[in-house]
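Here the sequence shown is numbered in UniProt numbering, starting from 1 and rising by one per residue.
Below you'll find the structure, written out as structure tokens, and then a few comments.
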Amino acid sequence: MGRHTPQLDRISAPADMKSLSDAELRILADELRDEVIHSVANTGGHLGSSLGVVELTVALHAVFDTPRDKLIWDVGHQCYPHKVLTGRRAQMHTLRQEGGISGFTKRSESPFDPFGAAHSSTSISAALGFSVARDMGQATGDAVAVIGDGSISAGMAYEALNNAGAQGRRMFVILNDNEMSIAPPVGAMSHYMTSLAGSAQPEAAREPGPARDHARRARELVTGAVNDQSTLFENLGFEYIGPIDGHDMDQLLSVLRAARVRSNGPVLIHCCTVKGKGFGPAEEAADRYHGVSSFDPKTGTQAKKRPNAPSYTKIFGEALADEATRDPKLVAITAAMPSGTGLDIFASHHPSRMYDVGIAEQHGVTFAAGLAAGGLKPFCAIYSTFLQRGYDQIVHDVALQNLPVRFAIDRAGLVGADGATHAGAFDIGYLTALPNMVVMAASDEAELVHMVATAAAYDDGPIAFRYPRGEGTGVTIPERGRPLEIGKGLIVRQGFDVAILSFGAHLSESQRAADIIEAQGMTVTVADARFAKPLDTQLIAKLARKHRVLITVEQGAQGGFGAMVLHHLANEGWLDGDLAVRTMTLPDRFIDQGAPDAMYADAGLTAQDIAAIALQAAKVHQVQA
């Protein structure tokens, strides 16, 4: 590697850290930080969060007995130092790559990852589960949950704290408070934790570092002699220790050792850290270095991407902002992802109509329902994988009451390096199952603009539209969207032998499949369904009547658009005759990270796959060229 890392070179597993002195552990942390910077510089990934927990990671593995003790990282954005120390240093060059190690904790990857993560706020619940298992005689030690200030803003974390406090079992929660999850955390709880840090150590909360009397602070924190006022965490049944400096190795080791020796019940240790610590560019722009592409480790300059079409996310944000200039009732909601969803663009034009509810999808959906019931036009922009967290609210608070909430579903389909945990695979199925719901999917960025306009104009009930991650196809973007006719698709290519009915962004792949099929002497109709619900039954009937083979294609799991089409065809008697129908969906398994094209190849959804299925069906039914 070319870098001098004598202490890190001694570590093949956390057990090797037990022989290191505290001074050597401090050196190890410095070497580990440098290792993470240079590793992520090559692969890209979640840099800022990982740099912020280097000292904490070293201290936790030095004090606790992993993997017998269960160290659970909430979300997992911050797990890279942990991976380096737990036998995966040599594999870090494969991070988030096809066939490589995951960017998150993953049970199947290492015994040091006792609980997988990628969605937020699950760690305390899991740690409590391990604690109960220990107390019931299972061969497990202490459970330690490390959760960030952004993640602890979610309701699930407080449900777990409440239950854990009531049970009173020995467990440890480390609150990693860097005042920055992806975007700055929002809400009263964030302000409360900031006030805790400020009242106990105002300078330290703003600037953790070695400039304080470490021994004095450690003594105060271990004895609890910081603040006479009970904290929320104490009222929930936890012993509260902190805030402490999460970059002061001496203080971390003292507090963790003392807590481990003397604690009998649940303990929460509040650590103040700096996101991006030790790498100037990441400290100065924590949001831009939360997730990075490959970069120059000396300057922090990220690799420039080749100029291409604008992203679907950007197109959505601009289209929604444009609609809002004409409609003062239009408002937008994000769950702690303003830049990820494009709503930062909306906010720059309409700041008073943008609501960031924090990591709180359940609340966000019902908040949107209340806005709709109050006469406004809410757009709830949430990644497909995170919308799952608010499903009961979609059912009970939106669909059941037929409230006109608009759901903008980003990251539909397979998403690349974030892998299975972030795949937008299930929304078609779980939304089309709901009465009153309209479900659309954009085939390209121009269609997305029209779907934004359609949703803005639709007041008869809830409506959703999905679109993928990444760049558009490069089509011309309309200056203004036009509302689409609800439940109507269109034919984009006319043939006579095989029909491909595509729902969403695989339309271009379907077109390429048509070229392959036509090279075999058959003609192909390609249609853009636009709507999974309501289905364009007239279009489906036309395709069924005039073709012997009908293929449906979607970027979603089984039980989605293809199932809707099959259900309709069966009920109308189309399956009683000669029509050969095939549905092409994501397979019934989770697909690991890789380049999106490679992931779709793994899923069997390339143009070649579509063509092969069509040709096989045509051969079986003896379609003549």
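All C-beta atoms, glycine included, are put in the ideal place defined by N, C-alpha and C.
With a 10 Å radius around its C-beta and 16 neighbouring C-beta atoms as the bar for buried, classify Asp459 as buried or exposed.
-> On the sequence shown, residue 459 is found 459 positions in, with the first residue counted as 1. It counts as exposed.
What is the DSSP secondary structure of Tyr458, counted as helix, strand or coil?
-> Locating residue 458 in the sequence shown gives position 458, where the first residue counts as 1. Coil at Tyr458, not helix or strand.
Which residues bound the beta strand (DSSP E) around Glu554?
-> Here residue 554 refers to the residue found at position 554 of the sequence shown. Taken as a continuous stretch (DSSP letters only), the beta strand (DSSP E) holding Glu554 covers 549-554.
By Cβ distance below 6 angstroms, which residues in the same chain neighbour Arg219 in space, the five residues on each side in sequence not counted?
-> As a working note, residue 219 is residue 219 in the sequence shown. Reliability fails at Arg219, whose pLDDT of 35 lies under 50, so the model's placement of it is uncertain and the value that follows must be treated cautiously. Answer for Arg219: no residue qualifies.
With DSSP collapsed to three states, give me the class of Val357.
-> By 1-based counting over the sequence shown, the position of residue 357 is 357. It is coil, neither helix nor strand.
When burial is assigned at 16 or more other CB atoms within 10 Å of the CB, is Met354 buried or exposed?
-> Here residue 354 is taken as the residue at index 354 of the sequence shown, counted from 1. Buried.
Using 8 angstroms as the threshold, is the segment 163-173 in touch with the segment 87-98, meaning 3 or more CB pairs across them?
-> no
Heavy atom of the ligand ZN within 6 angstroms of Ala309 beta-carbon = Among the ligands in the structure shown, none appear at all, so the ligand ZN cannot be discussed.
Residue from Ala127, Trp73, Asp149 with nearest C-alpha to Gly141 = If you number the sequence shown from 1, residue 141 lands on position 141. Of Ala127, Trp73, Asp149, the residue nearest in Cα terms is Ala127.
Can you list, in chain order, the stretches of the beta strand (DSSP E) that have 3 or more residues and sit fully within the segment 516-552?
-> 524-528, 531-533
To the nearest whole angstrom, what separates the beta carbons of Ser121 and Ser151, a pair I think is in contact under 8 angstroms?
-> Position 121 of the sequence shown, counted from the first residue, corresponds to residue 121. Position 151 of the sequence shown, counted from the first residue, corresponds to residue 151. Yes, they are in contact, since the Cβ atoms of Ser121 and Ser151 sit about 5 angstroms apart, within 8 angstroms.
On the premise that Arg466 lies in contact with Ser339, defined as a C-beta separation below 8 angstroms, what is that separation, rounded to the nearest angstrom?
-> The count along the sequence shown starts at 1 and reaches residue 339 at position 339. The count along the sequence shown starts at 1 and reaches residue 466 at position 466. Actually they are not in contact, since the Cβ atoms of Ser339 and Arg466 sit about 19 angstroms apart, beyond 8 angstroms.
With a CB to CB cut of under 7 angstroms and the five nearest residues on each side skipped, what residues in its chain are close to Pro435?
-> On the sequence shown, position 435 is the one that residue 435 refers to. Excluding residues within five positions, the ones whose Cβ falls inside 7 angstroms are Ala399.
Buried/exposed call for Ser19, threshold 16 Cβ in 10 Å = Residue numbering aside, residue 19 sits at position 19 when the sequence shown is read from its first letter. The residue in question, Ser19, is exposed, as its Cβ has fewer than 16 Cβ neighbours within 10 Å.
Under three-state DSSP, which class holds Ser502?
-> The residue labelled residue 502 in the question sits at position 502 within the sequence shown. DSSP places Ser502 in strand when its eight states are reduced to three.
Where Ser348 falls, given that 16 or more other Cβ within 10 Å makes a residue buried | The sequence position of residue 348 within the sequence shown is 348, counting from 1. It is exposed - the Cβ of Ser348 has fewer than 16 other Cβ atoms within 10 Å.
Any idea what DSSP makes of Gln388, helix, strand or coil?
-> The residue you call residue 388 lines up with position 388 of the sequence shown. Correct three-state label for Gln388: helix.
Distance CB(Glu518)-CB(Val524) smaller than 7 angstroms | Locating residue 518 in the sequence shown gives position 518, where the first residue counts as 1. Locating residue 524 in the sequence shown gives position 524, where the first residue counts as 1. Yes, they are a contact pair.
Closest by CA to Ala117, which one among Ala441, Gly419, Gln494?
-> Indexing the sequence shown from 1 puts residue 117 at position 117. Selected option, being the one with the closest Cα: Gly419.
Could you check what DSSP says for Met17 in three-state terms: helix, strand or coil?
-> On the sequence shown, position 17 is the one that residue 17 refers to. Note: Met17 maps to helix in three-state DSSP.
Please state whether DSSP places Ala433 in a helix, a strand or coil.
-> Counted from its first residue, the sequence shown places residue 433 at position 433. Ala433 falls in the coil class under three-state DSSP.
What did DSSP end up calling Arg466 once you bin it into helix, strand or coil?
-> For the purposes of this step, residue 466 is taken as the residue at position 466 of the sequence shown. In the structure shown, Arg466 sits in a strand (DSSP, three-state: E or B).
Residue range of the alpha helix (DSSP H) that includes His567 | Along the sequence shown, one-based indexing puts residue 567 at 567. Element bounds for His567: 561-571.
Would you check if the segment 57-73 and the segment 551-569 touch, i.e. whether three or more CB-CB distances between them fall below 8 angstroms?
-> no
Where in the segment 271-335 do unbroken runs of the beta strand (DSSP E), each at least 3 residues long, occur, reported from the N-terminal end onward?
-> 330-334
Among the residues of its own chain, which have a CB less than 6 angstroms from the CB of Ala499, if the five just before and after it don't count?
-> Along the sequence shown, read from residue 1 onward, the residue named residue 499 stands at position 499. So the qualifying residues of the chain are Thr525, Leu543, His547, Leu550.
Of all the options Ala618, Phe379, Gly487, Gly44, which has the alpha carbon lying nearest to the alpha carbon of Ile409?
-> On the sequence shown, position 409 is the one that residue 409 refers to. Closest option to Ile409, Cα to Cα, is Phe379.
Supposed close pair Met437, Ala464 - CB separation, criterion 8 angstroms | Taking the first residue of the sequence shown as position 1, residue 437 is located at position 437. Taking the first residue of the sequence shown as position 1, residue 464 is located at position 464. With a Cβ gap of about 7 angstroms, Met437 and Ala464 count as contacting.
For Gln91 and Val439, the rounded distance between their alpha carbons | As a working mapping, residue 439 is identified with position 439 in the sequence shown. As a working mapping, residue 91 is identified with position 91 in the sequence shown. If I take the Cα positions, the gap works out to 42 angstroms.
Chain-order list of residues whose beta-carbon lies under 6 angstroms from that of Lys329 (same chain, five-residue window excluded) | Position 329 of the sequence shown holds residue 329. Answer for Lys329: Leu376, Lys377, listed in chain order.
Look at Gly48 and Gly265 and say whether their C-beta atoms are less than 7 angstroms apart.
-> One-based indexing of the sequence shown puts residue 48 at position 48. One-based indexing of the sequence shown puts residue 265 at position 265. No; because the gap between Cβ atoms is not below 7 angstroms, this pair is not in contact.
Residue interval of the beta strand (DSSP E) (run including Leu403) | Within the sequence shown, residue 403 is the residue found at index 403, counting from 1. Where Leu403 is concerned, there is no enclosing beta strand (DSSP E), given that its DSSP letter is neither H nor E.
Note down the Cα distance separating Lys106 from Thr86, rounded to an integer number of angstroms.
-> Mapped onto the sequence shown, residue 106 falls at position 106. Mapped onto the sequence shown, residue 86 falls at position 86. Lys106 and Thr86: Cα-Cα distance of roughly 13 angstroms.
In this structure, does DSSP put Thr140 in helix, strand or coil?
-> What you label residue 140 is simply residue 140 of the sequence shown in a count that begins at 1. If DSSP states are grouped into helix, strand and coil, Thr140 belongs with coil.
Closer than 7 angstroms by C-beta to Leu236: which residues in its own chain qualify, once you throw out the five before and the five after it? Chain order, please.
-> In the sequence shown, residue 236 corresponds to position 236, counting from 1. If we look at Leu236 and ignore the five residues flanking it on each side, its Cβ neighbours are Leu161, Asn162, Gly165.
Compute the Euclidean distance between the alpha carbons of Ala381 and Leu253, then round it to the nearest angstrom.
-> Counting from 1 along the sequence shown, the entry for residue 381 is found at position 381. Counting from 1 along the sequence shown, the entry for residue 253 is found at position 253. One C-alpha to the other measures close to 42 angstroms.
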